[in-house]
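Okay, so here's the structure we're looking at.
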């Protein structure tokens with residue numbers, strides 16, 4: 515049936531009694547080895563990533579429907595991935611290469627660097643995805659947690675607190691991102707670093723998909739403390755931030771009324 519076809523495609527997609535359900539003989543042998551005489555739902559393991567693709571086959575629909583579903587999923591993934599890749603490559607090219615390494619770089623060179631970085635980031639992302647570190651839902655949740663822990667404090671305080679400065683923002687981003695990443699990695703993969711010890715226990719029962727719960731307060735606290743201990747931003751910068759706070763539509767209406 516469809517379970518055996520999917521198991522034959524990848525032995526991690528469908529498992530029964532802990533073994534790939536490639537054929538009836540493999541299923542019988544696996545269950546006999548574990549002493550299972552009557553199958554239960556607990557003995558059947560379906561990879562979450564293949565459920566949507568396999569649904570048409572479960573319903574007895576033609577196999578081509580699975581192809582259409584896969585094409586739709588791939589198109590949705592690519593439409594999101596290409597935007598994220600461009601954003602990451604442009605940020606690295608502008609904020610790291612142009613601002614910190616070569617401020618005199620011409621536009622053509624910056625464009626070339628951006629494209630090279632885009633390919634490098636894409637290859638790195640493809641490699642990480644190929645290792646299948648977890649299911650797609652968990653990885654998306656991790657990405658949002660890391661973004662929240664690293665960026666949210668700087669975005670909020672940078673706009674709504676005039677005393678915030680660049681040093682505090684960088685320190686807050688590093689601290690928030692670091693704590694979030696530490697909690698995520700140690701609770702999920704801690705045992706991989708030391709086989710003798712299990713994964714780190716959850717703090718107050720908070721799952722690692724919500725690891726930003728700890729990164730956010732640390733990011734806010736570090737940014738506030740470092741900003742207060744270092745030089746205040748210039749008057750021009752404070753005026754610029756004030757301009758961001760005031761919607762231009764409101765400002766134009768006030769000028770017309772005056």
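Residue numbers (the numbering used here): 515 to 772. Where is the CB? At the ideal position from N, CA and C, for every residue including glycine.
Per DSSP, residue 579 lies in no beta strand (DSSP E); the unbroken alpha helix (DSSP H) holding it starts and ends at 577-605. Counting along the chain, residue 528 sits inside the beta strand (DSSP E) bounded by residues 528-530. Closest option to residue 585, judged by alpha-carbon separation, among 600, 603, 566 and 598: 566. Here residue 679 is not bridged, per DSSP, to any residue. Residue 668 sits away from residue 661, with the two beta carbons spaced by 9 Å or more. Membership of residue 723 in any alpha helix (DSSP H) is not indicated, and neither H nor E is assigned to it by DSSP. Across the structure, residue 550 and residue 576 are spaced so that their CA atoms are roughly 33 Å apart. Remark: C-beta atoms of residue 671 and residue 686 approach each other more closely than 9 Å. The three-state reading of DSSP puts residue 716 in coil, since its state is none of H, G, I, E or B. Excluding the 5 residues flanking it on each side, residue 531 has same chain C-beta neighbours closer than 6 Å at 544, 545, 548, 550 and 557, in chain order. Relative to the Cα of residue 552, the nearest Cα in the group 559, 735, 753 and 542 belongs to 542. Closest in alpha carbon position to residue 681, among 608, 727 and 746, is 746. Around the CB of residue 617, fewer than 16 other CB atoms lie within 10 Å, so the residue is classed as exposed. For residue 541, the uninterrupted alpha helix (DSSP H) segment begins and ends at 538-548. The Cβ atoms of residue 656 and residue 738 do not sit closer than 9 Å to each other. Less than 9 Å separates the beta-carbon of residue 528 from that of residue 564.
Assignment of beta-bridge partners to residue 560 by DSSP yields 528.
Annotated as proximal: residue 701 and residue 715, with beta-carbon spacing under 9 Å.
Distance from the CA atom of residue 561 to the CA atom of residue 590, rounded to whole angstroms, is 20 Å. With 16 or more other CB atoms across the displayed protein chains lying within 10 angstroms of its CB, residue 520 is buried.
If you draw a straight line from the Cα of residue 640 to the Cα of residue 757, it is about 41 Å long. Per the coordinates, the alpha-carbon of residue 750 lies some 58 Å from the alpha-carbon of residue 580.
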